[in-house]
Amino acid sequence: MKEMENIKGFAPDTVAAVREAQARQRAASRNDRRRSHKLWIAGGHRPPLQLQGPTSHTFCGKPLQEKFCLAAFLCIWFAISSFAGTSDVADAAMNKNAAAVRALIQQKANVNAPQADGTTALHWAARWDDLDMAAVLIQAGANSQAANRTGATPMFLAAVNGSATMIERLLKAGADPNAAVLSHGETALMMAARTGKLDAVKVLVSHGAGVQEKEDLRGTDALMWAAEQGHSAVVKFLLDNGADVDAQSKIIRPVRRNGLGFARPSPDGKPNGEPMGALTPLLFAAREGSIETVRVLVAAGAKVNKTSVDGSGPLLVAVQNGHYEIARFLLDRGADPNQANTKGWTPLYLAVSNRDALTTAVPPPASDGVLDFIKLLLDRGADPNRRIQVHTEVLWLKEDGATPLLRASLCGDLTIVQLLLAHGADPSIPTFDQTTPLMVASGVGWAEGFTFQYSEDETLELVKLLLDFGAGINSANEDGLTALHGAAYKGANKVVELLVSRGADLTARDKGKDYGFGVTSFRMTPLNWAEGVPIGMSSAIRHDETVKLIARLMEERGIPVEYHGTFTGRKFTDAPVIEEPR
Numbered sequence: 001m002k003e004m005e006n007i008k009g010f011a012p013d014t015v016a017a018v019r020e021a022q023a024r025q026r027a028a029s030r031n032d033r034r035r036s037h038k039l040w041i042a043g044g045h046r047p048p049l050q051l052q053g054p055t056s057h058t059f060c061g062k063p064l065q066e067k068f069c070l071a072a073f074l075c076i077w078f079a080i081s082s083f084a085g086t087s088d089v090a091d092a093a094m095n096k097n098a099a100a101v102r103a104l105i106q107q108k109a110n111v112n113a114p115q116a117d118g119t120t121a122l123h124w125a126a127r128w129d130d131l132d133m134a135a136v137l138i139q140a141g142a143n144s145q146a147a148n149r150t151g152a153t154p155m156f157l158a159a160v161n162g163s164a165t166m167i168e169r170l171l172k173a174g175a176d177p178n179a180a181v182l183s184h185g186e187t188a189l190m191m192a193a194r195t196g197k198l199d200a201v202k203v204l205v206s207h208g209a210g211v212q213e214k215e216d217l218r219g220t221d222a223l224m225w226a227a228e229q230g231h232s233a234v235v236k237f238l239l240d241n242g243a244d245v246d247a248q249s250k251i252i253r254p255v256r257r258n259g260l261g262f263a264r265p266s267p268d269g270k271p272n273g274e275p276m277g278a279l280t281p282l283l284f285a286a287r288e289g290s291i292e293t294v295r296v297l298v299a300a301g302a303k304v305n306k307t308s309v310d311g312s313g314p315l316l317v318a319v320q321n322g323h324y325e326i327a328r329f330l331l332d333r334g335a336d337p338n339q340a341n342t343k344g345w346t347p348l349y350l351a352v353s354n355r356d357a358l359t360t361a362v363p364p365p366a367s368d369g370v371l372d373f374i375k376l377l378l379d380r381g382a383d384p385n386r387r388i389q390v391h392t393e394v395l396w397l398k399e400d401g402a403t404p405l406l407r408a409s410l411c412g413d414l415t416i417v418q419l420l421l422a423h424g425a426d427p428s429i430p431t432f433d434q435t436t437p438l439m440v441a442s443g444v445g446w447a448e449g450f451t452f453q454y455s456e457d458e459t460l461e462l463v464k465l466l467l468d469f470g471a472g473i474n475s476a477n478e479d480g481l482t483a484l485h486g487a488a489y490k491g492a493n494k495v496v497e498l499l500v501s502r503g504a505d506l507t508a509r510d511k512g513k514d515y516g517f518g519v520t521s522f523r524m525t526p527l528n529w530a531e532g533v534p535i536g537m538s539s540a541i542r543h544d545e546t547v548k549l550i551a552r553l554m555e556e557r558g559i560p561v562e563y564h565g566t567f568t569g570r571k572f573t574d575a576p577v578i579e580e581p582r
């Protein structure tokens with residue numbers, strides 16, 4: 001734009017504002033153009049372009065040329081940027097300076113000139129919900145559907161604000177109610193539904209916004225956005241206007257996943273990660289914990305047993321996230337108490353797991369009311385002997401194949417164990433590696449500082465109870481570990497004495513597995529486990545009192561006592577050992 005030498009007919013403060021905007025523009029042109037990149041998206045700022053270095057396969061062809069090519073690309077990009085993306089009108093609108101905007105328009109400034117990231121003055125008017133400024137800009141020819149570099153339009157900002165009046169003004173200026181307002185096909189109706197502003201939603205629907213439109217990335221619609229946020233009034237309105245109560249989001253199949261998220265593709269590039277998606281509005285509401293929204297959806301005919309792609313139904317999702325009021329409601333409406341996902345997780349197993357939380361989630365699922373809910377599940381026919389197929393988040397235990405009874409036994413949850421046994425739980429059912437509830441109650445799978453335990457006395461009573469119900473005292477898992485190995489490793493002296501008094505074998509040896517290092521020829525007794533065994537990342541913890549106790553019990557029975565000190569990799573070591581306080 002030509003610099004204005006004389007501005008007549010405006011107040012001095014307006015003239016000063018315009019000249020200040022022009023001076024800022026000239027300074028930006030002379031200096032680092034990156035300061036002009038004011039990409040606004042969802043309330044924040046970030047650079048408009050993330051540069052990724054080229055490789056020898058995709059850009060210049062030779063590794064030695066990579067740095068040169070990247071430097072050349074940067075020079076070209078910044079050179080182009082220095083001659084584009086300046087707008088006095090947009091800058092004035094960004095600074096909420098309506099007087100400067102009017103002055104610039106009178107001087108025939110281009111109202112559609114964008115900033116470096118594509119943001120126009122009308123974007124900023126919508127962002128600030130300034131109806132007067134928007135009216136002036138529209139009257140001067142502002143494009144109501146202009147998109148910045150992320151695809152965001154003025155309608156996007158109006159919808160994010162939930163401003164019914166701004167939305168209506170943009171619609172009257174020619175904005176398409178079904179046009180994408182972001183780069184992945186999100187519509188204004190989705191954004192307005194997410195805010196929960198019913199008036200904004202009504203305006204869009206009255207102008208023809210499609211209630212069943214879906215965005216491109218995850219295939220979600222406005223009803224799902226409202227349900228996820230718990231906006232029950234918006235949910236009801238959308239349902240009354242044709243929204244599909246059982247619509248499902250897209251199924252996404254990642255190439256591969258690891259503990260940090262998405263990993264690099266496998267060599268063949270084929271998807272081999274666990275599929276995700278196919279969520280219904282009811283699943284979104286059950287996950288997020290909006291009981292009123294759940295009621296509205298079920299009243300509208302939502303299927304209470306319809307699952308996502310991994311087999312998770314609304315009941316399981318509600319329990320997994322600790323929303324027991326919703327779970328009760330769903331049970332009352334016909335939800336299957338035994339419906340399991342593809343990992344074999346059931347509502348009963350997850351409810352027990354939530355009560356005895358060993359999760360890494362922050363914060364962990366709520367446990368308030370879980371005991372009463374577990375009782376309700378059992379009364380409604382939940383199977384206490386159903387085994388999970390894939391582990392949850394329990395540390396250091398091979399949980400695959402576990403039952404709710406085994407999960408409760410791990411933490412010494414006597415109350416739940418008694419309840420499960422009363423409803424037919426079988427204490428002999430092991431995990432897939434043959435670890436039994438008695439073993440985990442005694443200490444197999446115990447991780448010092450990680451595993452939760454109610455109390456030593458409660459654990460002792462639980463072990464007695466399992467023995468009274470016929471649990472095999474000398475049963476061994478695939479690693480050769482018995483309940484006595486676990487009690488020795490844990491340093492649970494009272495449990496050691498109880499097990500030995502009931503006939504536990506003091507000479508039982510494991511199979512020589514070195515946790516994390518393979519298998520060796522050395523096989524350890526419970527005494528050796530009391531001396532300390534490193535498992536995974538945990539250090540070997542020596543329990544001196546337990547060592548003395550087991551040695552005494554062996555001597556009393558004429559069994560040779562064989563010490564081996566502390567082991568790392570099944571070899572004698574001088575490595576530091578964590579010892580009990582004396």
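Counting in my numbering, the sequence shown runs from 1 upward without gaps. Positions of the beta carbon are idealized from the N, C-alpha and C atoms, including for glycine.
Pair within 8 Å by beta-carbon distance, residue i and residue j
i, j, result
"Asn385", "Ile326", "no"
"Glu186", "Ala179", "no"
"Thr120", "Ala140", "no"
"Ser398", "Asp433", "According to the sequence as given, residue 398 is Lys; it is not Ser. Closer than 8 Å, so yes."
"Leu484", "Pro437", "no"
"His184", "Asp216", "yes"
"Ile374", "Ala357", "no"
"Asp132", "Ser163", "no"
"Arg382", "Leu421", "Looking at the sequence shown, residue 382 is not Arg but Ala. Contact: no."
"Met276", "Ile252", "yes"
"Leu460", "Gln418", "no"
"Gly311", "Thr342", "yes"
"Leu189", "Leu204", "yes"
"Trp225", "Ala175", "no"
Own chain partners of residue i with C-beta closer than 7 Å, once the 5 adjacent residues on each side are dropped
i, result
"His207", "Leu171, Pro177"
"Ser353", "Thr392, Arg407"
"Val111", "Val89, Ile105, Ala121, Leu137, Ala140, Gly141, Ala142"
"Gly151", "Ala180, Leu182, Ser183"
"Asp199", "Ala164"
Buried/exposed call for residue i, threshold 16 Cβ in 10 Å
i, result
"Gln212", "exposed"
"Gly470", "exposed"
"Ser144", "buried"
"Glu545", "exposed"
"Ser442", "buried"
"Lys548", "exposed"
"Lys197", "buried"
"Thr86", "buried"
"Arg552", "exposed"
"Arg102", "buried"
"Glu228", "buried"
"Lys108", "exposed"
"Ile41", "Note that Ile41 scores 29 on pLDDT, short of 50, meaning its location in the model is unreliable; the coordinates nonetheless yield the value given after this. When all chains shown are included, Ile41 counts as buried."
"Tyr563", "exposed"
"Asp372", "exposed"
"Phe452", "exposed"
"Pro560", "exposed"
One or two residues paired with residue i in a DSSP bridge
i, result
"Ile251", "Gly277"
"Ala180", "Thr187"
"Asp221", "Lys214"
"Ile535", "Ser538"
DSSP three-state assignment for residue i, whether helix, strand or coil
i, result
"Pro48", "Note that Pro48 scores a pLDDT of 26, beneath 50, so its modelled location is shaky and nothing firm can be said."
"Ile167", "helix"
"Phe452", "coil"
"Asn528", "helix"
"Arg386", "coil"
Cutoff 6 Å; reference residue i; Cβ partners in own chain excluding five residues on either side
i, result
"Thr280", "Asp246, Gln248, Lys306"
"Arg387", "Gly401, Thr403"
"Ser232", "Glu292, Thr293, Val296"
"Trp345", "Ile388"
8 Å Cβ shell around residue i - same chain, five flanking residues per side excluded
i, result
"Val304", "Leu282, Val298, Gly313, Pro314, Leu315, Leu330, Arg333, Gly334, Ala335"
"Asp505", "Asn474, Thr482, Leu484"
"Asp479", "Asp433, Asp510, Lys511, Lys513"
"Ala71", "The predicted position of Ala71 is uncertain, since its pLDDT is 48 and thus under 50; a value taken from the coordinates is nonetheless stated next. Excluding sequence neighbours, Ala71 sits near nothing in its chain."
"Gly242", "Val211, Gln212"
Check: residue i C-beta below 7 Å from any heavy atom of the ligand COA
i, result
"Asp372", "The ligand COA is absent from the structure shown, which contains no ligands of any kind."
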